[in-house]
Amino acid sequence: MTTTTPGPSALRGAVGTAHTRIEGRDKVTGAARYAGEIPYPELAHGWLVLSTVARGRILDVETGPILAMPGVLTVLHHGNAPRLHTDYIGMLGVPPDPTSAVFQDDRVPFAGWPVALVVAETPEVAREAAEALVVTYEREPHDTELVAGHPGAYAADGHMPAETEKGDLEARLADSAFVVDEEYTTPEEQHSMMEPHAATARWDGGRLEVVDSNQGAGWVQSELATMFSLDASAVRVRSEHIGGGFGSKGLRAHQVSAVMAATALQRPVRVVLTRRQTFSLGGYRSPTAQRVRLGADPDGRLLALEHRSLNQTSTVYEFVEPSAGVARVMYDAEAHRTANHVVRLDVPSPTWMRAPGEAPGSFAVEVALDELAARAGLDPIDLRLRNEPEVGPVSGLPFSSRNLAACLHEGARRFGWADRDPRPGVRRDGRWLLGTGTAAASFGAGAAPSTALVTAEADGSFTVRITAADIGTGARTALTLIAADALETTPDRVRVRIGDSDFGPAMIAGGSMGTRSWAWAVTAAAADLRERLAMTTGIPPEGITVRSDTTEALGALAQKERHSYGAQFAEVAVDTATGEIRVRRMLGIFAAGRIVNPLTARNQLVGGMTWGISMALHEEAVRDRNTGGHYAPDLAGYHVATHADVPDIEADWVDDHDPDDPVGIKGVGEIGIVGAAAAVANAVHHATGVRHRHLPIRPDRVVAAAGSAGGAVDA
Ligand code: MOS
Numbered sequence: 043m044t045t046t047t048p049g050p051s052a053l054r055g056a057v058g059t060a061h062t063r064i065e066g067r068d069k070v071t072g073a074a075r076y077a078g079e080i081p082y083p084e085l086a087h088g089w090l091v092l093s094t095v096a097r098g099r100i101l102d103v104e105t106g107p108i109l110a111m112p113g114v115l116t117v118l119h120h121g122n123a124p125r126l127h128t129d130y131i132g133m134l135g136v137p138p139d140p141t142s143a144v145f146q147d148d149r150v151p152f153a154g155w156p157v158a159l160v161v162a163e164t165p166e167v168a169r170e171a172a173e174a175l176v177v178t179y180e181r182e183p184h185d186t187e188l189v190a191g192h193p194g195a196y197a198a199d200g201h202m203p204a205e206t207e208k209g210d211l212e213a214r215l216a217d218s219a220f221v222v223d224e225e226y227t228t229p230e231e232q233h234s235m236m237e238p239h240a241a242t243a244r245w246d247g248g249r250l251e252v253v254d255s256n257q258g259a260g261w262v263q264s265e266l267a268t269m270f271s272l273d274a275s276a277v278r279v280r281s282e283h284i285g286g287g288f289g290s291k292g293l294r295a296h297q298v299s300a301v302m303a304a305t306a307l308q309r310p311v312r313v314v315l316t317r318r319q320t321f322s323l324g325g326y327r328s329p330t331a332q333r334v335r336l337g338a339d340p341d342g343r344l345l346a347l348e349h350r351s352l353n354q355t356s357t358v359y360e361f362v363e364p365s366a367g368v369a370r371v372m373y374d375a376e377a378h379r380t381a382n383h384v385v386r387l388d389v390p391s392p393t394w395m396r397a398p399g400e401a402p403g404s405f406a407v408e409v410a411l412d413e414l415a416a417r418a419g420l421d422p423i424d425l426r427l428r429n430e431p432e433v434g435p436v437s438g439l440p441f442s443s444r445n446l447a448a449c450l451h452e453g454a455r456r457f458g459w460a461d462r463d464p465r466p467g468v469r470r471d472g473r474w475l476l477g478t479g480t481a482a483a484s485f486g487a488g489a490a491p492s493t494a495l496v497t498a499e500a501d502g503s504f505t506v507r508i509t510a511a512d513i514g515t516g517a518r519t520a521l522t523l524i525a526a527d528a529l530e531t532t533p534d535r536v537r538v539r540i541g542d543s544d545f546g547p548a549m550i551a552g553g554s555m556g557t558r559s560w561a562w563a564v565t566a567a568a569a570d571l572r573e574r575l576a577m578t579t580g581i582p583p584e585g586i587t588v589r590s591d592t593t594e595a596l597g598a599l600a601q602k603e604r605h606s607y608g609a610q611f612a613e614v615a616v617d618t619a620t621g622e623i624r625v626r627r628m629l630g631i632f633a634a635g636r637i638v639n640p641l642t643a644r645n646q647l648v649g650g651m652t653w654g655i656s657m658a659l660h661e662e663a664v665r666d667r668n669t670g671g672h673y674a675p676d677l678a679g680y681h682v683a684t685h686a687d688v689p690d691i692e693a694d695w696v697d698d699h700d701p702d703d704p705v706g707i708k709g710v711g712e713i714g715i716v717g718a719a720a721a722v723a724n725a726v727h728h729a730t731g732v733r734h735r736h737l738p739i740r741p742d743r744v745v746a747a748a749g750s751a752g753g754a755v756d757a
């Protein structure tokens, strides 16, 4: 599987060749250590105490009895914690979430808010003491329920404009031969990464070192330095192996509280979040309430398109789930209107979660398109092909490359779409009704400034150092292949070191932009190094090191619509008596730029599609409106698709090459989930004739819908 033979294979190139994970053996043998597993002498353990009320004030933290417990070292809370600097915009262009800037005041904005950290000699004592700590609150009434039309909703710009509008929507709707006007909802969803957040902080000769599990060591380092008013060079963050992130692993309460405690005690302190704590402290995907209005001419060409989305955020932080962004990229119409609104509730702050915006937004738009196809008597794929835009529907910019049609054609061919009977509710297999569905997908393809260090070692090998993060994606392996090609050598002669903020600023593992951003920096440094080597006769013992910075090259890129695309296909079996839905097969065909490592890229895409099944059928974090907290916040109460839920999933790609990227990369991190839930929901409609517009499509919803009529109804 690995390309390790020196010689001819170097000429073939490593990029595009399947390569097993560089750290795979370390992971399966246990040699790879995760942030919560690294031993330190004198290590103390912190345990966070979270609020039990959803809104109010802390009246008292009874530390006395806790401090008297054997093994307890300290209790940090708003009454004794150091003041943090929180008035800044961080590296990703957003201010810090006060949920992470812990213990700054007595206010409680949601259930599960960090109110104290108990530090003890062992995790067991810390936990027992944390559970024994009595905190008294003054309670205030709370509102934790997102409903369409909530009076507190407002237009929030976030990273993009809240609203866009062109043309006369009402007039074009009135002109339309076919109209869809429906509301769609998606529930609160949790990241559910395998490894919960963990960090160890310690002072080492005047320098703060944090060993953490995050998506960007440089990101967390810069946030901690700013918050604690430290010189950036006085903080080092390392994050070598990460058991999943999906958007949740940035600056969180665990790192900040660990740094506070390590500073107070002058000992290494580790803070690990429990699974339950991640439900309120790790961020989540906000529920959405969306409305889509479509109007089409007799040929199915869109005359009017409106996509509005409402998400919730906390009272302490504004996070926009930009679901309406989907319509801005995918479909044009003479009259076109989009809006992202938010409402502040007494709930934890949501955050980025795999395909933020696109995942819930594509559910609404791609189901609405399926509804339009049914009303217009058109094949859903034909309808999409007829509505391929020439330029960005809102921006008017050209597309760098748009291979959606190729994905739809190739997917339809491989899935056997041509044989599909378009009538819903007519295929049976025993107790099962069978149906197939499709949906289109897109996700932004960007790159962000990064630096890399590449060293030619005296022994003829190379070392790459970059503050990249491998959150389970295979980034370390992908960068090894990229560096090998750029250095015109073989992967076995390249050592890639990542996850250390000392390697310099670089993009985080996020926005599907990691590999492309890092590859650009590595390629640039490698090219410089090769020039240097051509003029050198010998390599000194310390090697020759070249540093790159892609800020300027990226700044010179022309403004274009840059995206990956995909076509999702699903076949489902539905038993309307029991409400069971089984996905029988799924196919995703993507145009996601040049694929660096087919093995790990396929893994990423299949992972995203699996999550799409999970989103369509299972996932739902339910909040109790009386307490403002979750019911069963754990992986028993919150069901993520397991092996039994997941059929054969096939992910593949068409030739695609970003014309403006030195390696041709776009990114595969998020596109796999986009449209996947819509494809499943559309298949459920095809199977049963019932349209489900509220996720997840639970058994009770299937049964209730089937009970309400025998023919085509809406659920
Ligand atoms: Mo991702 S939601 O950009 O980690």
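Quick note on numbering: the sequence shown equals residues 43 to 757 in my numbering.
Glycine included, every Cβ here is placed at the ideal spot set by N, Cα and C.
Nearest candidate by alpha-carbon position, reference residue i, set the options
i           : options               : result
residue 342 : 349, 405 and 430      : 430
residue 162 : 126, 235, 153 and 85  : 85
residue 564 : 640, 581 and 530      : 530
residue 718 : 136, 482 and 561      : 482
residue 471 : 102, 335, 613 and 112 : 613
residue 111 : 175, 543 and 451      : 175
residue 619 : 629, 741 and 598      : 741
residue 167 : 114, 367 and 688      : 114
residue 469 : 583, 202, 726 and 101 : 726
residue 437 : 603, 184 and 708      : 603
residue 371 : 440, 386 and 332      : 440
Near the ligand MOS: residue i beta-carbon under 6 Å from a heavy atom
i           : result
residue 560 : no
residue 422 : no
residue 396 : yes
residue 367 : no
residue 200 : no
residue 749 : no
residue 552 : yes
residue 72  : no
residue 286 : no
Coil, strand or helix - residue i by DSSP
i           : result
residue 108 : helix
residue 753 : Residue confidence is low: residue 753 scores 45 on pLDDT, short of 50, so the model does not pin down where it sits. No coordinate-derived value is stated.
residue 477 : strand
residue 407 : helix
residue 529 : coil
residue 402 : helix
residue 497 : strand
residue 233 : coil
residue 152 : coil
residue 632 : strand
residue 715 : coil
residue 724 : helix
residue 120 : coil
residue 127 : coil
residue 759 : As displayed, the chain neither begins before 43 nor continues past 757, which places residue 759 out of reach and without an answer.
residue 674 : coil
residue 322 : helix
residue 62  : coil
residue 518 : helix
Contact under 7 Å by Cβ, residue i with residue j
i           : j           : result
residue 294 : residue 541 : no
residue 77  : residue 298 : no
residue 491 : residue 593 : yes
residue 759 : residue 160 : Residue 759 lies beyond the stretch modelled for the chain, which goes from 43 to 757, so this question has no answer here.
residue 550 : residue 258 : yes
residue 56  : residue 527 : yes
residue 509 : residue 545 : yes
residue 202 : residue 402 : no
residue 503 : residue 711 : no
residue 449 : residue 680 : no
residue 334 : residue 407 : yes
residue 631 : residue 609 : yes
Where the beta strand (DSSP E) through residue i begins and ends
i           : result
residue 69  : Segment 66–71 is the alpha helix (DSSP H) holding residue 69; no beta strand (DSSP E) there.
residue 639 : No beta strand (DSSP E) holds residue 639; DSSP gives it neither H nor E.
residue 424 : Segment 422–428 is the alpha helix (DSSP H) holding residue 424; no beta strand (DSSP E) there.
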